[in-house]
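For the sequence shown, position 58 matches number 129 in the working numbering, and the numbering has no gaps at all.
Just so it is clear, CB atoms sit at the ideal spot from N, CA and C, and this is done for glycine as well.
If you're wondering where the values come from, they're calculated on a predicted model, not measured in any experiment.
The structure appears right after this line, and notes come after that.
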Amino acid sequence: MAEHKLTGHWPLTEGARDIAGENHGAAHHVDFVDGPRDNASGSAHFKSSDSQIEIPAAPDLQLGNQDFSITVWVRCDRPMRGVFGDVLAKFDPFSRCGINLQIAGSTAGYSSMSDTRHVHFGIDDGYVGG
72 MAEHKLTGHW PLTEGARDIA GENHGAAHHV DFVDGPRDNA SGSAHFKSSD
122 SQIEIPAAPD LQLGNQDFSI TVWVRCDRPM RGVFGDVLAK FDPFSRCGIN
172 LQIAGSTAGY SSMSDTRHVH FGIDDGYVGG
């Protein structure tokens, strides 16, 4: 059995630094703030649609066809309206292969309260049926 190891860990206490390896990120339009319940463990506030933490491509981040897990803690603004965007995305447009984790909400037509919330995880292997 293959040995499992932590590929990346970004606790957001020192910006977008990876404490499990060398896959440090670059933050764009992101504020680093106290975590949940004023815990100084770290948190990131994504201020706009162009906010992101970019992690460069690296061989150990190529997940291939092996098992993997992803853990995130997300708190969305309230009320949720529309598509917030990807929480995580790794996609190669040339091969059409990648993954994404997205959060979205929709507004009901009869009230101001969102009636549905979605967490979506997708894997695209570039296959086009024929």
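Provide the residue(s) that pair with residue i in DSSP beta bridges, ordered along the chain.
i           : result
residue 97  : 125
residue 136 : DSSP, once it has assigned bridges, lists no residue as partnering residue 136.
residue 194 : 170
residue 161 : 170
residue 156 : 174
Can you tell me which of the options puts its alpha carbon nearest to the alpha carbon of residue i?
i           : options               : result
residue 165 : 198, 101, 120 and 108 : 198
residue 95  : 124, 167 and 162      : 124
residue 176 : 132, 169 and 156      : 156
residue 75  : 131, 148, 143 and 168 : 131
residue 122 : 141, 137, 106 and 97  : 97
residue 92  : 79, 84, 85 and 141    : 79
residue 142 : 158, 148, 193 and 127 : 158
residue 148 : 127, 133, 99 and 119  : 119
Using the rule of at least 16 other Cβ atoms within 10 Å of the residue's Cβ for burial, across every protein chain shown, is residue i buried or exposed?
i           : result
residue 145 : exposed
residue 162 : exposed
residue 117 : buried
residue 87  : buried
residue 83  : buried
Distance, Cα to Cα, residue i vs residue j?
i           : j           : result
residue 89  : residue 160 : 17 Å
residue 81  : residue 135 : 21 Å
residue 114 : residue 173 : 18 Å
residue 101 : residue 200 : 40 Å
residue 167 : residue 77  : 26 Å
residue 85  : residue 103 : 8 Å
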